[in-house]
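Working notes, structure below.
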Amino acid sequence: MWVTNPRSKHIYADKLLQGAEAVATAPPSEAAEVEDTPGFVENAGDVLRDFERDLPISTWKWFVIGGTFLGLVRDKGFLPHDVDLDVGMFLEGLDLDAFQAVFENSAHFSIAKFDFQTEIYRDDAGEAHLKHVPAMLKIVHSNGINLDVFLHEHRGDKIWHGSGVNKWVNDHFTLGEYEIEGQSVLGPHDADHYLREHYGEWRVVVKDFSCITGTTNLAFVKNLHTIAVLLKRYAHFSVTRPLEARKVMRELTQQ
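What follows is the structure, given as structure tokens:
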């Protein structure tokens, strides 16, 4: 397996971090409150119903997570300032080809991206390897609303899900029955425990929210792509949201 000199990457990363630190000269300021997303609440129900038609919950056992689950529990509906829908499925036993084929042939959705987690790890002999794990399917409804399907994996006593860059860690959970906008769905049975893992004081409404800096159970996939993405986010937030930039810098330094 070809592996570049890790020291050269460390030196280069240090230079990038020094340059990024220099950008953060503006004093912290209050970030603007996020506006409600026009048409989201009115159309999100159609997206979830069409998802159920394509992927019946009785067969595929999908469940709502993230902001969709938060809205269901706290607001008894969809979050008006949300921008997409989040659902989960367990990776174990899932026929990935059949799963993907559903949306390749769907009349309601098109596939935008199938994301994998590519992580660097070392075996017992110290040799470096790359591990590729299916992570998330992003689909787009005909009305323009995105729906992210996160594939959950059991790792020891935890459950992981995420994307090619991010991953969120939960304690083991079972599923319970819920209803949103008249539609029956599944979700983590212990809602309070699950939402506290993600959001801390989840009953407090936070419209100026970032899934990168606002979730308490976030980890990062260990690869160079992650560092590049965090640098890009830092550069963007340094101009638009200095407080978020400082949070991203902390995460970037840890990574």
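In the numbering used here, each residue's number is its place in the sequence shown (first place is 1) plus 148.
Where is the CB? At the ideal position from N, CA and C, for every residue including glycine.
Point to revise | Residue burial classification, residue 312 (beta-carbon count within 10 angstroms, cutoff 16) | key: Here residue 312 refers to the residue found at position 164 of the sequence shown. When all chains shown are included, residue 312 counts as buried.
Review point. If you run the structure through DSSP and keep just helix, strand and coil, what is residue 390?
Key: One-based indexing of the sequence shown puts residue 390 at position 242. Here residue 390 sits in helix by DSSP.
Check your understanding: What span of residues does the alpha helix (DSSP H) with residue 250 cover, start to end?
Key -> Along the sequence shown, one-based indexing puts residue 250 at 102. From DSSP, the alpha helix (DSSP H) with residue 250 extends over 244 to 252.
**Study point:** Cα-Cα separation between residue 191 and residue 270, rounded to whole angstroms
**Key:** Taking the sequence shown and counting its residues from 1, one reaches residue 191 at position 43. Taking the sequence shown and counting its residues from 1, one reaches residue 270 at position 122. For residue 191 and residue 270, the distance between alpha carbons rounds to 46 angstroms.
Practice item. Express the C-alpha separation of residue 279 and residue 149 in angstroms, rounding to a whole number. Key: Translated into the one-based positions of the sequence shown, residue 149 becomes position 1. Translated into the one-based positions of the sequence shown, residue 279 becomes position 131. Note that residue 149 has pLDDT 30, beneath the 50 cutoff, so the model's placement of it is unreliable and no number is given.
Check your understanding: Do residue 287 and residue 264 have their CB atoms nearer than 8 angstroms?
Key -> As a first step, residue 287 must be located in the sequence shown, where it is residue number 139. As a first step, residue 264 must be located in the sequence shown, where it is residue number 116. For residue 287 and residue 264, no; Cβs fall outside 8 angstroms.
Point to revise | Inter-residue Cα distance where the pair is residue 289 and residue 234 | key: By one-based count along the sequence shown, residue 289 stands at place 141. By one-based count along the sequence shown, residue 234 stands at place 86. If you take the alpha carbons of residue 289 and residue 234, they lie about 13 angstroms apart.
Check your understanding: Can you give the Cα-Cα distance for residue 371 and residue 267, rounded to whole angstroms?
Key -> By 1-based counting over the sequence shown, the position of residue 371 is 223. By 1-based counting over the sequence shown, the position of residue 267 is 119. In this model, residue 371 and residue 267 are separated by some 6 angstroms (Cα to Cα).
Exercise for review: Please name the residue, chosen from 256, 231 and 203, that lies closest to residue 411 on a Cα-to-Cα basis.
Suggested key: No answer is possible for residue 411: it lies beyond the span of the chain, which begins at 149 and ends at 403.
Review point. Considering only C-alpha positions, which residue in the set 314, 343, 291 and 388 is nearest to residue 367?
Key: Taking the first residue of the sequence shown as 1, we reach residue 367 at position 219. Checking every option, the nearest Cα to that of residue 367 belongs to 314.
Exercise for review: Could you please give the first and the last residue of the uninterrupted alpha helix (DSSP H) stretch that includes residue 192?
Suggested key: Counting from 1 along the sequence shown, the entry for residue 192 is found at position 44. Start and end: 188 to 202.
Review point. Since residue 238 is in the beta strand (DSSP E), which residue starts that stretch and which ends it?
Key: If you number the sequence shown from 1, residue 238 lands on position 90. Unbroken beta strand (DSSP E) run through residue 238: 232 to 238.
Check your understanding: Considering only residues of the same chain and omitting the five flanking positions on each side of residue 342, which have a CB-CB separation below 7 angstroms?
Key -> Locating residue 342 in the sequence shown gives position 194, where the first residue counts as 1. Closer than 7 angstroms at Cβ, skipping near neighbours: 318, 321 and 336.
Check your understanding: How is residue 399 classed by DSSP in three states: helix, strand or coil?
Key -> Along the sequence shown, one-based indexing puts residue 399 at 251. Residue 399: helix per DSSP, three-state reduction.
Practice item. Alpha carbon to alpha carbon, how far is residue 253 from residue 272? Give it in angstroms, no decimals. Key: As a position in the sequence shown, residue 272 is number 124, starting the count at 1. As a position in the sequence shown, residue 253 is number 105, starting the count at 1. Looking at the two C-alpha atoms, the distance is approximately 43 angstroms.
Check your understanding: What residues in its chain sit with their C-beta under 8 angstroms from that of residue 194, if we drop five residues either side in the sequence?
Key -> Numbered from its first residue, the sequence shown carries residue 194 at position 46. Here the set comprises 289 and 291.
Check your understanding: With DSSP run on the structure shown, which of helix, strand or coil describes residue 289?
Key -> In the sequence shown, the residue the question calls residue 289 occupies position 141. In the three-state reduction of the DSSP assignment, residue 289 falls in the strand class.
Check your understanding: Looking at the unbroken beta strand (DSSP E) that takes in residue 101, where does it start and where does it end?
Key -> What the structure shows of the chain is the stretch from 149 to 403, and residue 101 is not part of that stretch, so it cannot be assessed.
Check your understanding: Just reading off the beta strand (DSSP E) that residue 272 is part of, what are its end residues?
Key -> The residue you call residue 272 lines up with position 124 of the sequence shown. Annotation for residue 272: no beta strand (DSSP E) segment contains it, and DSSP assigns it neither H nor E.
Exercise for review: Return the CA-CA distance between residue 172 and residue 347, expressed in angstroms with no decimal places.
Suggested key: Counting from one through the sequence shown, the residue named residue 172 turns up at place 24. Counting from one through the sequence shown, the residue named residue 347 turns up at place 199. With a pLDDT of only 38 at residue 172, under 50, the local geometry of the prediction cannot be trusted, and the value read off the model is given with reservation. Rounded to whole angstroms, residue 172 to residue 347 spans 26 angstroms at the Cα level.
Check your understanding: Where does the unbroken beta strand (DSSP E) through residue 319 begin, and where does it stop?
Key -> For the purposes of this step, residue 319 is identified with residue 171 of the sequence shown, where counting begins at 1. Start and end: 314 to 319.
Practice item. Could you tell me which residues DSSP pairs with residue 308 in its beta bridges? Key: Within the sequence shown, residue 308 is the residue found at index 160, counting from 1. Per DSSP, 301 and 317.
Point to revise | Distance between beta carbons of residue 261 and residue 237, contact taken as under 8 angstroms | key: Your numbering for residue 237 matches position 89 in the sequence shown. Your numbering for residue 261 matches position 113 in the sequence shown. Contact doesn't hold; Cβ gap of about 16 angstroms is too wide.
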